[in-house]
Amino acid sequence: MITNKTLKLSLKSLREFAKKRLPDETVIELDERDECPLDIVRHMCSPDKLGIQLLFIPEEYGGMGGNTFDVYCVCEEMARIDLGVATSVLASFLGSDPITVGATPEQKKIWLSRIAEEGLLFAYGATEPEAGSELGALRTTAERVIQDGKIVAYKIRGNKQWISNGGIAGAYTILANTPAGPSWFIVDQGAKGFTHDEPEDKHGIRLSNTAALALDNVYVGAERLVGAVEGQGLNQAQAVFGYTRLMVAAFGLGAGWSALDRAIPYSTKRIQAGAPLSEKQGYTHKLIVPNVARLEAARAHIEETAERIDAGTEGSLNTEGAIAKYMATEAGNAAADASIQALGGYGYTHEYMVEKIKRDVRITTIYEGTSEIMEMTIGRDRWQIHLKTRGQHYHDQAKKFEELHSKHPNLGADNAALALHALAEVMEKARVARLTRFQHILLRLGELIAYAESAGSLARRASLAAENKLNEKANRRFDPAALAAISRIFSRDAALKVAEDGVRWVAGAGGVNNGDLADFEARLALPAIHRSQAGLIADMDFVADVLYSRAAKREAAA
Ligand SMILES: Cc1cc2nc3c(=O)[nH]c(=O)nc-3n(C[C@H](O)[C@H](O)[C@H](O)COP(=O)(O)OP(=O)(O)OC[C@H]3O[C@@H](n4cnc5c(N)ncnc54)[C@H](O)[C@@H]3O)c2cc1C
Numbered sequence: 002m003i004t005n006k007t008l009k010l011s012l013k014s015l016r017e018f019a020k021k022r023l024p025d026e027t028v029i030e031l032d033e034r035d036e037c038p039l040d041i042v043r044h045m046c047s048p049d050k051l052g053i054q055l056l057f058i059p060e061e062y063g064g065m066g067g068n069t070f071d072v073y074c075v076c077e078e079m080a081r082i083d084l085g086v087a088t089s090v091l092a093s094f095l096g097s098d099p100i101t102v103g104a105t106p107e108q109k110k111i112w113l114s115r116i117a118e119e120g121l122l123f124a125y126g127a128t129e130p131e132a133g134s135e136l137g138a139l140r141t142t143a144e145r146v147i148q149d150g151k152i153v154a155y156k157i158r159g160n161k162q163w164i165s166n167g168g169i170a171g172a173y174t175i176l177a178n179t180p181a182g183p184s185w186f187i188v189d190q191g192a193k194g195f196t197h198d199e200p201e202d203k204h205g206i207r208l209s210n211t212a213a214l215a216l217d218n219v220y221v222g223a224e225r226l227v228g229a230v231e232g233q234g235l236n237q238a239q240a241v242f243g244y245t246r247l248m249v250a251a252f253g254l255g256a257g258w259s260a261l262d263r264a265i266p267y268s269t270k271r272i273q274a275g276a277p278l279s280e281k282q283g284y285t286h287k288l289i290v291p292n293v294a295r296l297e298a299a300r301a302h303i304e305e306t307a308e309r310i311d312a313g314t315e316g317s318l319n320t321e322g323a324i325a326k327y328m329a330t331e332a333g334n335a336a337a338d339a340s341i342q343a344l345g346g347y348g349y350t351h352e353y354m355v356e357k358i359k360r361d362v363r364i365t366t367i368y369e370g371t372s373e374i375m376e377m378t379i380g381r382d383r384w385q386i387h388l389k390t391r392g393q394h395y396h397d398q399a400k401k402f403e404e405l406h407s408k409h410p411n412l413g414a415d416n417a418a419l420a421l422h423a424l425a426e427v428m429e430k431a432r433v434a435r436l437t438r439f440q441h442i443l444l445r446l447g448e449l450i451a452y453a454e455s456a457g458s459l460a461r462r463a464s465l466a467a468e469n470k471l472n473e474k475a476n477r478r479f480d481p482a483a484l485a486a487i488s489r490i491f492s493r494d495a496a497l498k499v500a501e502d503g504v505r506w507v508a509g510a511g512g513v514n515n516g517d518l519a520d521f522e523a524r525l526a527l528p529a530i531h532r533s534q535a536g537l538i539a540d541m542d543f544v545a546d547v548l549y550s551r552a553a554k555r556e557a558a559a
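In structure tokens, the structure reads:
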């Protein structure tokens, strides 16, 4: 268990370490040289130095036993420093995940203790040249070696692609097909027949080492089969997706904020047309405020999911992890892109860092499951719930937000309810017209679901803030009034998106004829959603004032 005080101290040490060892000039140089700073990664993972990996390891194996919420906070902080270095640390953690989830007690003791005590770096070897999003297509094989009728070892053959820490790890978890199905094996660096390629020349996260691996009859003892039972590999990988995708979500969040935290101060100093850019509404309300709203909606979903995973009563929450990853990484990308625009020509150069952050954050919509795979996961899983509840699921959810709105009428919970009711109608129309036979429609539903559910999470988070009941470890960048305004901005956006995109895709797929359209629009409550946009500019003004610390000054002047 990590106390709030310990967590805050760890985050502070991380920030101080980064300030000393990874100032902008160093990061820019390493990025230009395309170099992974192995000494820094080792320092971060050494038990007698920063010891970040201790947070990830259970106490019984010498770690600090951080929970999901702690690890999200650390991942966000690491991403704010450099996403490449953060990837290296997370990859080591991902590499040990199959062990944490599926290993025998003896295997856990050996390997998790080595990570805690020696700072052993891991790599996670799942992807192959022919098996990316579809992991089941893997071709790497593990052939049994049998002596006296007993399996004593395996010979692993195959190739792995895009493996983070591929050229620097001390140990690797490798997914390979045994006669009983995909299984994880622990392979040492330098094992006979095990080689890695030169690091990839990548678009971003150039401070992380990514390499292809080749396994040419690599001989491993049977004790290296994770869990000692064949065929559990895909289940073991699935079991932690909720958790691991939440960590990549935290990466999107941290990187997005790190770009905005450069754009915001820049805009207070840059004078154009007689005033700082921060005073121009057409600038702040396009480039800054909407990105803040999207990032904070994603944060609300991340924090809520982390708490639910930690409560331990609802399983691995893979769909929620997918929503968090999708929303946060897409928001992080949009925020970084807008930050380049916010810095104009300067933003387009290396020196100002935002272009590097943009290149880095791009990976978060690709690894640990692409955005399209997230849309598919979300769409497919919630579609089942829609069918099981005969279309009532999102209407029921919406009612909860109507209740919340009657208690707290200024949090945008009414708009979240409009979004959720509209979502239920869009899904029902899709069911009646059998529109999920179009893959594109299923994936678009995934997107609308993610928006509507995130609007709900943000309204709930704003209510907890208003009642002073936020998790003590929760991010407190915004006070309750600011969070309420952010929630109103995002929930208006979500309601409009669900209803208007909903009409577009349902009509686009032939789900309504002309006679039906007016009825469908009425069911979506489009007029109410349009009316709910009233007050949007005032809320954006308020959030801009908060971001630029002008709120107090305005109040004093009034
Ligand atoms: C820098 C980097 C680091 C990485 N680190 C690791 C690591 O440490 N360990 C590891 O195992 N892997 C790692 N990966 C691999 C990563 O997880 C995969 O790249 C990712 O899962 C996508 O697989 P793919 O590249 O084969 O793309 P593909 O699966 O071929 O996808 C290509 C495109 O098609 C879309 N697509 C795929 N399937 C469908 C479908 N059914 N319907 C609609 N669209 C679809 C995708 O969304 C994507 O846009 C890393 C990748 C990179 C680039």
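One rule links them: number in our numbering = place in the sequence shown (from 1) + 1.
Glycine included, each C-beta is placed from N, C-alpha and C at the ideal position.
Keep in mind it's a predicted model, so treat the numbers as computed, not measured.
Ligand 1 heavy atom lying under 7 Å from the CB of Y368: A distance criterion of 7 Å places the beta-carbon of Y368 in contact range of ligand 1, judged by its closest non-hydrogen atom.
Cβ-heavy atom distance, A80 to ligand 1, below 7 Å: Incorrect: A80 has no Cβ contact closer than 7 Å to ligand 1.
Reduced DSSP category for A212 - H, G, I as helix; E, B as strand; rest coil: Strand.
Nearest residue (CA-CA) to I41, options C74, E61, K9, M79: Comparing Cα positions, the closest option is M79.
Neighbourhood of R383 by C-beta distance below 6 Å, restricted to the same chain and skipping five residues each side: Hits under 6 Å: I450.
Under the three-state DSSP convention, the category K156 falls into: Three-state result, K156: strand.
Rounded C-alpha distance that separates G85 from N166: If I take the Cα positions, the gap works out to 10 Å.
CB contact flag (Y549, S279, <8 Å): The Cβ-Cβ distance between Y549 and S279 falls below 8 Å.
Assigned secondary structure, N560 (DSSP; H/G/I helix, E/B strand, else coil): Given that the chain is displayed from residue 2 to residue 559, the structure contains no residue 560 and the question cannot be resolved.
Same chain, Cβ closer than 8 Å to K400, neighbours up to 5 away in sequence not counted: For K400, where only same-chain residues beyond five positions count, the Cβ hits under 8 Å are A418.
Pairwise C-alpha distance: R300 and H441: Rounded to whole angstroms, the separation of the alpha carbons of R300 and H441 is 27 Å.
Run of the beta strand (DSSP E) containing H531, from where it starts to where it stops: H531 -> not in any beta strand (DSSP E); alpha helix (DSSP H) instead, spanning 527-532.
K400 - DSSP class collapsed to helix/strand/coil: Shown here, K400 sits in a helix according to DSSP, grouped into three states.
Distance, G103 Cα to R158 Cα: Distance between the alpha carbons of R158 and G103 is about 22 Å.
Beta-carbon contacts of V72 that lie in its chain and below 7 Å, excluding the five residues immediately before and after: Within the same chain, V72 has close Cβ partners L56, F57, M248.
Any non-hydrogen atom of ligand 1 closer than 7 Å to G133 Cβ: The answer is yes for G133.
Closest Cα partner of V544 within the set S93, V290, D98: Of the candidates S93, V290, D98, V290 places its Cα closest to the Cα of V544.
Touching by the beta-carbon criterion (3+ pairs, under 8 Å), the segment 482-501 and the segment 324-337: Not touching, per the Cβ criterion.
Residues near T378 in its chain [Cβ-Cβ closer than 6 Å; skip 5 each side]: So the qualifying residues of the chain are A323.
Among Y353, H387, R438, R489, nearest to G414 - alpha-carbon criterion: It should be pointed out that residue 414 corresponds to Ala in this sequence rather than to Gly. Looking at the Cα atoms, R489 is the closest of the given residues.
Element boundaries [alpha helix (DSSP H), containing V513]: Segment: none, V513 is in no alpha helix (DSSP H) and carries neither H nor E.
Coil, strand or helix - Q393 by DSSP: Q393: coil per DSSP, three-state reduction.
G150 (DSSP reduced to helix, strand or coil): When DSSP states are grouped into helix, strand and coil, G150 belongs to the coil group.
Alpha carbon of E231 to alpha carbon of G96, nearest angstrom: Their backbone Cα atoms lie some 18 Å apart in a straight line.
K474 (DSSP reduced to helix, strand or coil): Three-state DSSP puts K474 in coil, outside helix and strand.
Secondary structure of L374, DSSP reduced to three states: A quick correction: the sequence has Ile, not Leu, at residue 374. Three-state DSSP puts I374 in a helix.
Contact check, I303 vs G243, beta carbons under 8 Å: No, the Cβ-Cβ distance between I303 and G243 is not below 8 Å.
F439 - DSSP class collapsed to helix/strand/coil: In this structure, F439 counts as coil in the three-state DSSP scheme.
Exposure label - R477; buried when at least 16 CB within 10 Å: Exposed is the call here.
Option nearest T7 by Cα separation, candidates T27, I53, I29, D32: Comparing Cα positions, the closest option is I53.
Strand pairing of V188, partner residues [DSSP]: Paired residue(s): Y173.
Minimum length 4: unbroken alpha helix (DSSP H) runs contained in the segment 286-312: Those alpha helix (DSSP H) runs which fall completely within the segment 286-312 and span 4+ residues are 290-312.
Any C-beta of chain B under 8 Å from that of V499: The structure shown contains no chain B; it is built from a single protein chain.
Contact test: I364 Cβ vs ligand 1 heavy atom, cutoff 7 Å: Flag set: Cβ of I364 near ligand 1.
Length at least 4, wholly inside the segment 87-155: the alpha helix (DSSP H) runs in chain order: The segment 87-155 contains these whole alpha helix (DSSP H) runs: 106-119.
Secondary structure of H575, DSSP reduced to three states: Here the chain covers residues 2 to 559 and nothing more, so residue 575 does not appear.
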